[in-house]
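*Asks:*
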Amino acid sequence: MTTLMTQHQPIGPPREFSPATTDLMKRLVAGLKAYETPAEFAERARITRRRLHEAVRTLALVPSPSPELVTAHWRARQMLLMYPADRNRPRPKYVAALSQRLTDLLVHRVAAAAYTCTPELHDLTYLHRRLVRAGEEHAGSVRVILDDRSLHEWPLSLRPGWKRVQRLVEDRQIGMLLVDSADALVPPEEIRDPGWDRQRIEARLASWGIRLVCLADADKAKGGAQ
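Straight run, no breaks: the sequence shown in the working numbering ends on number 266.
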């Protein structure tokens, strides 16, 4: 049995907030930052740097980037070459520069789709939330989630949910695909389709300008990021 998200719609532009709402959020964030400890400030710098790195990786795949994206991408790459003298006590100016480079890149975030292949009775609510959050952390905006139920032993080419993913890819409607883990893409060894291992899928998507993001990989990266 396959369960697909019923709210699938043609992918449009990302949600935008009004200037007043954006200004209010900035002031609220600024107020919270005043109460940060040095350790919390250093952690925020580390998280911002990691997100900037991921945004650079994602947006490097965008076909025919606009001049604005080319400039923002170059500035972000230059920023990643710089490190604070003391990573445990970064200067506010350094963290502000990181944040600005990230903000400039996220203007160009890509449309994303998420794909899952789970047991029939598995509750998908938490998994869907994690996929959406991971999209945001990697400069993507999840617009559709496609679910295959109890079809892990099926080759990808026969799964209804994956077929819809393929259509999004071929129609160039997404710049990112998120999955829980590479296991969702690789059926058991005895019935695996030749050429459908994770590395080949990742390379094929990249050739279409699409980044593959696995939650398992993202969790490891968070733990090892500096």
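Ideal placement from N, C-alpha and C gives every residue a C-beta, glycine not left out.
In terms of alpha-carbon separation, which member of Ala112, Asp257, Pro159 and Glu193 lies closest to leucine 171?
*Replies:* By one-based count along the sequence shown, residue 171 stands at place 131. Ranking Ala112, Asp257, Pro159 and Glu193 by Cα distance to leucine 171 puts Asp257 first.
*Asks:* Leaving out five residues on either side along the sequence, give the residues of the same chain with a beta carbon under 6 Å from the beta carbon of leucine 252.
*Replies:* Numbered from its first residue, the sequence shown carries residue 252 at position 212. Excluding sequence neighbours, leucine 252 sits near Leu217, Glu242 and Leu245.
*Asks:* Under three-state DSSP, which class holds tyrosine 155?
*Replies:* The residue labelled residue 155 in the question sits at position 115 within the sequence shown. Residue state, collapsed to three classes: strand.
*Asks:* Measuring CA to CA, which of Gln140, Ala82 and Glu160 is closest to alanine 125?
*Replies:* As a working note, residue 125 is residue 85 in the sequence shown. The shortest CA-to-CA distance from alanine 125 to any of Gln140, Ala82 and Glu160 is the one to Ala82.
*Asks:* Starting from serine 197, trace the alpha helix (DSSP H) both ways and give me its first and last residue.
*Replies:* Position 157 of the sequence shown holds residue 197. Where serine 197 is concerned, there is no enclosing alpha helix (DSSP H), given that its DSSP letter is neither H nor E.
*Asks:* Give me, in chain order, the residues of the same chain whose beta-carbon lies closer than 6 Å to that of alanine 85; leave out the 5 immediate sequence neighbours on both sides.
*Replies:* As a working mapping, residue 85 is identified with position 45 in the sequence shown. Around alanine 85: Pro130 and Val135.
*Asks:* Could you check which residue in Tyr155, Val182, Asp211 and Gln213 has the C-alpha nearest to that of proline 200?
*Replies:* Counting from one through the sequence shown, the residue named residue 200 turns up at place 160. Comparing Cα-Cα distances from proline 200 to each of Tyr155, Val182, Asp211 and Gln213, the minimum goes to Tyr155.
*Asks:* In whole angstroms, give me the CA-to-CA distance for isoleucine 250 and arginine 127.
*Replies:* Position 210 of the sequence shown holds residue 250. Position 87 of the sequence shown holds residue 127. So the alpha carbons of these two residues sit roughly 33 Å apart.
*Asks:* Kindly identify the DSSP beta-bridge partner or partners of methionine 216.
*Replies:* Residue 216 sits at position 176 when you count from the first residue of the sequence shown. According to DSSP, which records beta bridges pairwise, methionine 216 is partnered with Ala152 and Arg251.
*Asks:* Which runs of the alpha helix (DSSP H) spanning at least 4 residues fall entirely within the stretch 83-111, listed in chain order?
*Replies:* Entirely contained in the stretch 83-111, not one alpha helix (DSSP H) run reaches 4 residues.
*Asks:* Give the straight-line distance between the Cα atoms of glutamate 230 and threonine 98, rounded to the nearest whole angstrom.
*Replies:* Your numbering for residue 230 matches position 190 in the sequence shown. Your numbering for residue 98 matches position 58 in the sequence shown. In this prediction, glutamate 230 scores a pLDDT of 48, lower than 50, which makes its location untrustworthy; the coordinate-derived value is nonetheless stated afterwards. One C-alpha to the other measures close to 33 Å.
*Asks:* Less than 9 Å between the C-beta atoms of arginine 141 and alanine 100, yes or no?
*Replies:* The sequence position of residue 141 within the sequence shown is 101, counting from 1. The sequence position of residue 100 within the sequence shown is 60, counting from 1. It is not a contact, given that the beta carbons lie outside the stated cut-off.
*Asks:* Tell me the rounded alpha-carbon separation between aspartate 144 and serine 104.
*Replies:* Position 104 of the sequence shown holds residue 144. Position 64 of the sequence shown holds residue 104. About 18 Å.
*Asks:* Using only CA atoms, which one of Val205, Ala116, Ala137 and Ile214 lies nearest to alanine 151?
*Replies:* The sequence position of residue 151 within the sequence shown is 111, counting from 1. When only C-alpha atoms are compared, the closest one is Ile214.
*Asks:* Shortest alpha-carbon distance to isoleucine 185 belongs to which of His192, Trp194 and Thr165?
*Replies:* Here residue 185 refers to the residue found at position 145 when the sequence shown is read from its first residue. Minimum Cα-Cα distance from isoleucine 185 among the listed residues His192, Trp194 and Thr165 corresponds to Thr165.
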